[in-house]
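J.: Residues in the sequence shown are numbered consecutively from 7, following the working numbering. We put the CB at the ideal spot given by N, CA and C, even for glycine. Let me give you the structure first, and then I'll get to my questions.
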Amino acid sequence: MSSSSDSETELYTRIHQQKVVSSLGRRALETDDIDRLMHDAAATVAETLDCEYCKVLELVPSGNVFLRQGVGWQEGIVGEAEVPTDTNSQAGYTLLSEEPVVVDDLRTEERFSGPDLLTDHDVVSGISVIIGTIDDPWGILGVHTTDQASFTDHDVDFVQSVANLLAAAIERHTYQDELEETVAELQKLNTRLEKFASMLAHELRNPVTIGQIYAQHLPEEAAPKAVENVVESFDRIENMIDVMLVLTRRGDAVGERHPCHSPRWLETSGTTWRPVRRPWRSMATS
């Protein structure tokens, strides 16, 4: 009778743990607040396994792990404390382990020593697992209790499942941050390109417009083919300017083009004309 009751309890516990992981998974997809997700995950794991403490440790450039989020710890520790990762520490041992690390009694543990963070809180038992992969760890998820507890394989799998969920959420969050930074940088570059293209178009249109005006009064009788080539060349340059503006303005319309007409003084000057020399203005780009 007792065996049947134990089996039912174990089954209920497993189902409950699976529901918790599923609920956290939905929350991870719905939120962009990664720290809130870490805190909620830590609180949920501690509550589910009936433990006083749970922590999310982030591996930082110094080589230590930083207490990014957690529940149960003394005030002022979360977001401030760092834990060493040498091979004599539980954090360091966990990072080098291919499997989750289960501690039955930290007071008699021989594989490593307990860090001040745990001994100062009278921690006895706990589970530590890697967030990420052993080749590229992001950090550690650990759950601890002041009682001597016997964690089951299902408890360990539950903690590892939450750690895997956090790893996926962190990767997605990191990717989104990098993507937003890339988009912002591209927008800055596009703005600079648009400004440069507008300035360049203005500088090119002025001499092209003058050239088109004078081309209308070239003596076609003397060299009709040459006159045609000159007119076509100016038109081609103007078309190239329009295309440049379209491309740099991401498909925005350039605006309606109007035929240019020669001023009255030029129309009355007959076929005698002389080009005006205009010095090019220097263009400075930022």
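To the nearest angstrom, how far is it from the Cα of R32 to the Cα of I40?
T.: Position 26 of the sequence shown, counting from 1, holds the residue named residue 32. Position 34 of the sequence shown, counting from 1, holds the residue named residue 40. Rounded to whole angstroms, R32 to I40 spans 13 Å at the Cα level.
J.: Leaving out the 5 sequence neighbours to the left and right, which residues in its chain are closer than 7 Å to Y99 when beta-carbon positions are compared?
T.: Numbered from 1 along the sequence shown, position 93 holds the residue referred to as residue 99. Closer than 7 Å at Cβ, skipping near neighbours: T93, V107, R117 and F118.
J.: Looking at Y59: is its Cβ nearer than 7 Å to the Cβ of G78?
T.: Walking along the sequence shown from the start, residue 59 turns up at place 53. Walking along the sequence shown from the start, residue 78 turns up at place 72. Going by C-beta atoms, Y59 is nearer than 7 Å to G78.
J.: Mark K231 as exposed unless 16 or more other C-beta atoms lie within 10 angstroms of its C-beta, in which case mark it buried.
T.: Here residue 231 refers to the residue found at position 225 of the sequence shown. Looking at its Cβ environment, which holds fewer than 16 other Cβ atoms inside 10 Å, K231 is exposed.
J.: Which same chain residues end up closer than 6 Å to A169 when comparing Cβ atoms and leaving out the 5 residues on each side of it in sequence?
T.: What you label residue 169 is simply residue 163 of the sequence shown in a count that begins at 1. Correct list, in chain order: V135, I137 and L147.
J.: Go ahead and label R42 buried or exposed: buried means 16 or more other beta carbons lie within 10 angstroms of its beta carbon, across all protein chains shown.
T.: Translated into positions along the sequence shown, residue 42 becomes position 36. Per the 10 Å Cβ criterion, exposed.
J.: Fully enclosed by the stretch 19-67, which beta strand (DSSP E) runs are 3 residues long or longer?
T.: Whole beta strand (DSSP E) segments, 3+ residues: 59-65.
J.: Within 10 Å of its beta-carbon, does Q193 have 16 or more other beta-carbons around it, so buried, or fewer, so exposed?
T.: Counting from 1 along the sequence shown, the entry for residue 193 is found at position 187. Q193 comes out exposed.
J.: Which value, in whole angstroms, describes the spacing of the CA atoms of F157 and A174?
T.: Along the sequence shown, read from residue 1 onward, the residue named residue 157 stands at position 151. Along the sequence shown, read from residue 1 onward, the residue named residue 174 stands at position 168. One C-alpha to the other measures close to 25 Å.
J.: Thinking just about the alpha-carbon of each residue, which of I243, G217, A203 and V71 is nearest to the one in V252?
T.: For the purposes of this step, residue 252 is taken as residue 246 along the sequence shown, with counting starting at 1. Comparing Cα-Cα distances from V252 to each of I243, G217, A203 and V71, the minimum goes to A203.
J.: Which word fits Q182, buried or exposed, when buried means at least 16 other C-beta atoms lie within 10 angstroms of its C-beta?
T.: The residue given as residue 182 occupies position 176 in the sequence shown. Exposed, because fewer than 16 other Cβ atoms sit within 10 Å of the Cβ of Q182.
J.: Can you grab the Cα-Cα spacing for the pair E186 / A48, in whole Å?
T.: For this step, residue 186 is matched to residue 180 along the sequence shown. For this step, residue 48 is matched to residue 42 along the sequence shown. Rounded to the nearest angstrom, the two C-alpha atoms are 28 Å apart.
J.: Can you tell me whether DSSP reads P90 as helix, strand or coil?
T.: In the sequence shown, counting from the first residue as 1, residue 90 sits at position 84. DSSP places P90 in coil when its eight states are reduced to three.
J.: Look at the alpha carbon of R270 and the alpha carbon of L206, and state the distance between them as a whole number of angstroms.
T.: Looking up residue 270 in the sequence shown gives position 264. Looking up residue 206 in the sequence shown gives position 200. In this prediction, R270 scores a pLDDT of 48, lower than 50, which makes its location untrustworthy; no coordinate-derived value is stated.
J.: Can you give the Cα-Cα distance for Q166 and L172, rounded to whole angstroms?
T.: Locating residue 166 in the sequence shown gives position 160, counting from the first residue. Locating residue 172 in the sequence shown gives position 166, counting from the first residue. Those two C-alpha atoms are separated by around 10 Å.
J.: Measuring only the C-alpha atoms, how far is L35 from P213?
T.: On the sequence shown, residue 35 is found 29 positions in, with the first residue counted as 1. On the sequence shown, residue 213 is found 207 positions in, with the first residue counted as 1. Roughly 58 Å between the two C-alpha positions.
J.: Can you tell me where the alpha helix (DSSP H) holding R242 begins and where it ends?
T.: As a first step, residue 242 is located in the sequence shown; it is residue number 236 there, counting from the start. P230 to T254 is the extent of the alpha helix (DSSP H) around R242.
J.: Measure the C-alpha to C-alpha separation of L210 and V71 and round it to an integer number of angstroms.
T.: Locating residue 210 in the sequence shown gives position 204, where the first residue counts as 1. Locating residue 71 in the sequence shown gives position 65, where the first residue counts as 1. Between L210 and V71, the C-alpha separation is close to 59 Å.
J.: So, is Q96 buried or exposed, given that buried needs 16 or more other C-beta atoms within 10 angstroms?
T.: Stepping through the sequence shown from its first residue, residue 96 is reached at position 90. Buried: at least 16 other Cβ atoms inside 10 Å.
J.: Where DSSP assigns a beta bridge to S95, which residues make up the other side?
T.: On the sequence shown, position 89 is the one that residue 95 refers to. S119, per the DSSP bridge assignment.
J.: Let me make sure I understand the geometry here. Which of Q154, L73 and T139 has the alpha-carbon closest to that of P121?
T.: Indexing the sequence shown from 1 puts residue 121 at position 115. When each option's Cα is compared against that of P121, the closest is L73.
J.: Give the secondary structure of P269 by DSSP, where H, G and I count as helix, E and B as strand, and everything else as coil.
T.: To locate residue 269, count along the sequence shown from 1; it is residue 263. Caution applies to P269, whose pLDDT of 47 falls short of 50 and renders its modelled position unreliable; the value that the coordinates give is listed next. DSSP places P269 in coil when its eight states are reduced to three.
J.: Who are the near neighbours of V51 in its chain, counting only those whose CB is closer than 7 Å to its CB and skipping five residues on each side?
T.: Here residue 51 corresponds to residue number 45 of the sequence shown, with the count starting at 1. C60, V149, V165 and V168, listed in sequence order.
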